[in-house]
Amino acid sequence: MSLRIATFNVLDLFEHDPYASVLPAKIAFIAETLRRADADVVALQEIGSDGLLSRLVSEELASLRYTHVRSADGDRRGIRNAIFTRLPVLFSHVHAPASLPFPRFVDTDPEPFGQRIPMRRGVVHLRVESDIGPVDVMTVHFKSKLGRAMQDAAGSDVIDVSARGYAEAQLRSLVLRSAEALFVRDLVDGLLREGNERVAVVGDFNDTLESLPLRIVCGVGRGLDPAAMLAPATSLVATESRFSARHGSTPQLIDHVLLSPALGQRLASCSIFNETLRDHGPYDPDAPPASDSDHALVVAELR
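Each residue of the sequence shown is one higher than the one before, starting from 838 at the first, in the working numbering.
Here it is, written out as C-alpha cells:
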C-alpha cells in the first residue's frame, strides 16, 4: 500500500511563438520526467493551456492511466496550475478568490489593500481515495521574488529605480506571497477542523522553508498546535541534494511537498529529480524558450 505525490513546475508550457519551436522537445522532457516519477497524484505549474495538458495526459502519459484532470484558469501571462490522478476522486475544486485579505492593525480599520491582492493562480484541490484513506492535495504557485512595481490608476507600472523604489517593490512581492500563504493556511485549517486529517500542499512556493510565507503555510510558530503543522517531505533528502531550482548559481529549495501529521507519519521516501538541473541564470524576460525546466520535480512516497 503506497501513495506517490509529485509536483513539477514545467516552465512556460506554451504552444505559441516563440515557444512552438521547442514544444516537441519540451513535451518529451516533461513526459519522461513524469514517467520516471510514476506518481499517483501529479501537480503541475506553468501549464499554458488545457489543450496542452490534455495532450500530455492522454497521449504522452497514456500508460500511466491518469483519468481525472483539473486545472485553474490562466493568469495574465497564461500559465495555470493543474492536478491529475489515476485514483478515484471524491472532491474537486479550484480556490480562486477575487481578492485576498491582509492583516489589519486595528479591527475597525478597512482592508489595508482593498481589492488589490488577487489570487493570481487558482489553488487546485482534489480529494482522492487512496490505499491509506482519503487524501486532500492542493497545488499552489506563489508570486515570484521579483519585485512588484507600483501601478498608476490605469494599471501601468510606475518604474522607480531608486533604492527606496527597489525596496518597496520587494516588500510588495513579499506581501503578495504572504497573502497567498494566509489564504492557503485558512484552507488547511478548514480541512483539519472538518476532520480531513490527511492534507498535502504542494507546488512552487517561490520561497524557502525558512521564509515567512512558508512558515505561515506550515503553521510554524511558538505556541502553535503541532497537530496542525505541515512538515516538508524533503527533510528525507540529503542536505547536499536538497534543492529544486538554480538561478545565478545559487541552488534553492522552493518547490515543496508539505504534509499534515497524519501523512507525515507515513512518509517513506522523497526524491528531487535535480541531477541534470542546469543554472538558468537570473530572470531575463527576453531569454530564449527552454526545452527543459528551471525547476526539478519533487516526489514523495507515503506508505
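Cβ coordinates follow ideal geometry from the N, Cα and C atoms, glycine included. As the structure is a computational prediction, the values presented were derived from the model and not from experiment.
Around the beta carbon of arginine 917, 16 or more other beta carbons sit within 10 angstroms, so the residue counts as buried. In this structure histidine 962 is buried. Its beta-carbon is surrounded by 16 or more other beta-carbon atoms within 10 angstroms.
Contact between alanine 1099 and glutamate 1034 holds, with the beta-carbon distance rounding to 4 Å and staying under 8 Å. According to the DSSP assignment, arginine 964 belongs to the beta strand (DSSP E) that extends over 960 to 967. Checking the DSSP bridge columns, you'll see cysteine 1107 partnered with Ala1137. Around the C-beta of arginine 913, fewer than 16 other C-beta atoms lie within 10 Å, and the residue is accordingly described as exposed. The Cβ atoms of glutamate 966 and leucine 1019 lie no closer than 8 Å to each other. Proximity of the region 879 to 898 to the region 933 to 946 falls short of the contact definition, fewer than three beta-carbon pairs being nearer than 8 Å. In this structure, DSSP gives valine 1054 a helical state, which the three-state scheme calls helix. Judged by beta-carbon spacing, valine 995 lies within the 8 Å limit of methionine 987, meaning their Cβ atoms are closer than that value.
DSSP, read as helix, strand or coil, puts serine 1097 in coil.
Taking 4 residues as the shortest admissible run, the region 1000 to 1044 contains the following complete alpha helix (DSSP H) segments, listed from N- to C-terminal end: 1000 to 1030.
Less than 8 Å divides the Cβ of aspartate 1041 from the Cβ of isoleucine 1091. Excluding sequence positions up to five before and after arginine 1140, its CB lies within less than 7 Å of the CB of Met838, Ser839, Arg1103, Ala1105, all in the same chain and listed in chain order. By the Cβ rule, the region 940 to 952 does not count as touching the region 1002 to 1009, because fewer than three pairs are nearer than 8 Å.
If you look at glutamate 883, you'll find it in the beta strand (DSSP E) that goes 878 to 884. In this structure leucine 927 is exposed. Its beta-carbon is surrounded by fewer than 16 other beta-carbon atoms within 10 angstroms. If you draw a straight line from the Cα of valine 906 to the Cα of phenylalanine 921, it is about 4 Å long. A straight-line Cα-Cα distance of about 36 Å links leucine 848 and arginine 941. Approximately 5 Å separates the beta-carbon atoms of lysine 980 and arginine 1014; this is inside 8 Å, confirming the contact. Taking 8 Å as the cut-off, the Cβ atoms of valine 1057 and valine 1038 do not count as close.
For threonine 976, the beta-bridge partners assigned by DSSP are Val961, Val1039. When secondary structure is reduced to three states using DSSP, threonine 945 falls in the coil class, being assigned neither helix nor strand. The alpha-carbon of alanine 1064 is positioned some 17 Å away from that of valine 1094. Annotation for phenylalanine 845: the continuous beta strand (DSSP E) segment containing it runs 840 to 850. With fewer than 16 neighbouring CB atoms inside 10 Å of its own CB, threonine 1113 falls in the exposed class. Tyrosine 1120 and glycine 1032 have their alpha carbons spaced roughly 42 Å apart. Taken in chain order, the complete beta strand (DSSP E) segments of 3 residues or longer contained in the region 880 to 940 are 905 to 908, 917 to 922, 926 to 932.
A distance below 8 Å between beta-carbons, with the five flanking residues on each side excluded, links valine 1074 to the following residues of its chain, in chain order: Cys1107, Ser1108, Ile1109. Residue state for arginine 1079 is assigned as coil, using DSSP reduced to three classes.
Cα atoms of histidine 1084 and isoleucine 884: separation of roughly 21 Å, rounded to the nearest angstrom. Contact between alanine 843 and alanine 880 holds, since their C-beta atoms are separated by about 7 Å, short of 8 Å.
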